[in-house]
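Undergrad: Could you have a look at this structure, given as structure tokens, before my questions?
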Ligand code: G1P
């Protein structure tokens, strides 16, 4: 029987250069989307999908992440004294999300390297990898369906999205073979191909479920694109021994590593909130009219 996935690994050691100067002295994972740091959305997605053991790979300057998921007694005491029970609940909830562990990646040697240092914590079990730049607002549907595919086949599963041809060079890209409407087998995989060399327009998005054999594949992976140990290259090696699957999805993703998508996530998620929607809708309409856009 296939072993059930319990653990999630969230790499969060990146320098966040795309969001400088906001990330000069704080981790990019702590940038708020509406009123929650972006990494909390990812942790909540894991927990909703039943993954309660979470390992966050951090690095220098990432202490704020650990503090965020810890208790803050002084703040809790203050909120209690002030009778601010709703806020108190929010603050306490962020420190009660699953069982969160941390490990530091000392040198930024790439995503593959970041995942490889999770080996001791993960052990000989299947596990999920969730990249913080991708926020999913789908009630964990994608991750759950990937876990189902893993349960069924006992193999690794990648999240795939069809992107515009001119966007594919920003992603890992797979050559697919269809199993059914939304499930493919990976025939080959390549990191950030040029548009004209890409085997398809199916991009790897930041959700993965891996069998533990990915660690052996990572051991064998030489530095690739950008001189970094690429997770994509390790997936290619793994695929030589075990079929890797891809779950294709269409809805619910914000790539908050991109400025426009970061802003879009803020607007969309705020519009989903009843207490914010009326005023925000009014503001958006007025602004678009004033600027002559509508
Ligand atoms: C990483 C991976 C890439 C994947 C992407 C998803 O790239 O290397 O294969 O498609 O995440 O967001 P990065 O965005 O870190 O350059």
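Numbering (the numbering used here), first residue to last: 52 to 345. Glycine is no exception: its CB is placed at the ideal position from the N, C-alpha and C atoms.
1. When you compare each of 322, 310, 336 to residue 72 by their alpha carbons, which one comes out closest?
2. Using the C-alpha atoms, what's the distance from residue 154 back to residue 111?
3. Given 8 Å as the limit, is there contact between the segment 70-89 and the segment 162-177, that is, 3 or more CB pairs closer than that?
4. Quick check: the Cα distance between residue 62 and residue 119, rounded to an integer number of angstroms?
5. Go to residue 200, then tell me how far its alpha helix (DSSP H) extends in each direction, as first and last residue.
6. Rounded to the nearest angstrom, what separates residue 161 and residue 136 at their Cα positions?
7. Rank 282, 186, 184, 312 by C-alpha distance to the C-alpha of residue 166 and give the top, closest one.
8. So residue 254 is in the beta strand (DSSP E); what residue range does that whole segment cover?
9. Specify, as a first and last residue, the run of the alpha helix (DSSP H) that residue 114 falls within.
10. Could you check where the beta strand (DSSP E) with residue 59 kicks off and where it finishes?
11. Take the Cβ of residue 216 as the centre, count every other Cβ of all protein chains shown within 10 Å, and call the residue buried at 16 or more, exposed below.
12. How about residue 66: is its Cβ closer than 7 Å to a heavy atom in the ligand G1P?
13. Using the three-state DSSP reduction, which class does residue 140 fall into: helix, strand or coil?
14. Just how far apart, CA to CA, sit residue 138 and residue 130?
15. Check for me: the beta strand (DSSP E) holding residue 166 runs from which residue to which?
16. Do you know offhand how far residue 264's Cα is from residue 333's?
17. Can residue 152 and residue 182 be called in contact, C-beta distance under 8 Å?
18. Alpha carbon to alpha carbon, how far is residue 302 from residue 102? Give it in angstroms, no decimals.
19. Check whether the Cβ of residue 346 sits closer than 7 Å to any heavy atom of the ligand G1P, and report yes or no.
20. Rounding to the nearest angstrom, what Cα-Cα distance links residue 170 and residue 345 in this structure?
21. Considering only the beta carbon of each residue, do residue 312 and residue 252 sit closer than 8 Å?
22. Are there three or more Cβ pairs, one per stretch, closer than 8 Å when the segment 86-101 is compared with the segment 143-151?
23. Does the segment 317-335 come close enough to the segment 79-90 that 3 or more CB-CB pairs lie under 8 Å?
24. What does the alpha-carbon distance come out to for the pair residue 306 and residue 89?
25. Report the residue from 187, 286, 275, 121 whose alpha carbon sits nearest the alpha carbon of residue 236.
26. Provide the residue span of the alpha helix (DSSP H) that contains residue 186, from first to last.
27. Starting from residue 296, trace the beta strand (DSSP E) in both directions and tell me its first and last residue.
28. For residue 315, report the span of its alpha helix (DSSP H) as first-last.
29. So, at 7 Å on beta carbons, what are the nonlocal neighbours of residue 351 in its own chain, with the 5 sequence-adjacent residues on each side left out?
30. Please say whether residue 205 and residue 53 have beta carbons closer to each other than 8 Å?
TA: Short version:
1. Ranked by Cα distance from residue 72, the options 322, 310, 336 are led by 310.
2. Rounded to whole angstroms, residue 111 to residue 154 spans 11 Å at the Cα level.
3. A contact is defined here as three or more CB-CB pairs under 8 Å, and the segment 70-89 fails this definition with respect to the segment 162-177.
4. Going from the Cα of residue 62 to the Cα of residue 119 covers about 16 Å.
5. Per DSSP, the continuous alpha helix (DSSP H) segment holding residue 200 begins and ends at 192-204.
6. Distance between the alpha carbons of residue 161 and residue 136: 42 Å.
7. Here the closest residue by C-alpha is 282.
8. In the DSSP assignment, residue 254 falls within the unbroken beta strand (DSSP E) covering 253-261.
9. Boundaries of the alpha helix (DSSP H) harbouring residue 114: 114-119, taken from the DSSP string.
10. Where residue 59 is concerned, the enclosing beta strand (DSSP E) stretches over 58-62.
11. Under this definition residue 216 is an exposed residue.
12. Every heavy atom of the ligand G1P is 7 Å or more from the Cβ of residue 66, so no.
13. Residue state, collapsed to three classes: helix.
14. If you draw a straight line from the Cα of residue 138 to the Cα of residue 130, it is about 7 Å long.
15. Looking at the DSSP string, residue 166 is not in any beta strand (DSSP E); the run it does join, the alpha helix (DSSP H), is 162-167.
16. Their Cα atoms are separated by approximately 53 Å.
17. Note that the C-beta distance between residue 152 and residue 182 is not below 8 Å.
18. For residue 102 and residue 302, the distance between alpha carbons rounds to 22 Å.
19. Given that the chain is displayed from residue 52 to residue 345, the structure contains no residue 346 and the question cannot be resolved.
20. Each residue's Cα considered, the two are about 53 Å apart.
21. In this structure, residue 312 sits away from residue 252, with a CB-CB distance that is not shorter than 8 Å.
22. The segment 86-101, when compared against the segment 143-151, does touch it at the 8 Å Cβ threshold.
23. Touching, yes, given that three or more Cβ pairs across the two stretches are closer than 8 Å.
24. About 11 Å.
25. The candidate whose alpha carbon is nearest that of residue 236 is 286.
26. Annotation for residue 186: no alpha helix (DSSP H) segment contains it, though the beta strand (DSSP E) segment containing it runs 185-187.
27. That run of the beta strand (DSSP E) goes 296-299.
28. For residue 315, the enclosing alpha helix (DSSP H) begins and ends at 310-322.
29. An answer regarding residue 351 cannot be provided, because it is not within the stretch 52 to 345 covered by the chain.
30. For the pair residue 53 and residue 205, the CB atoms are nearer than the 8 Å cut-off.
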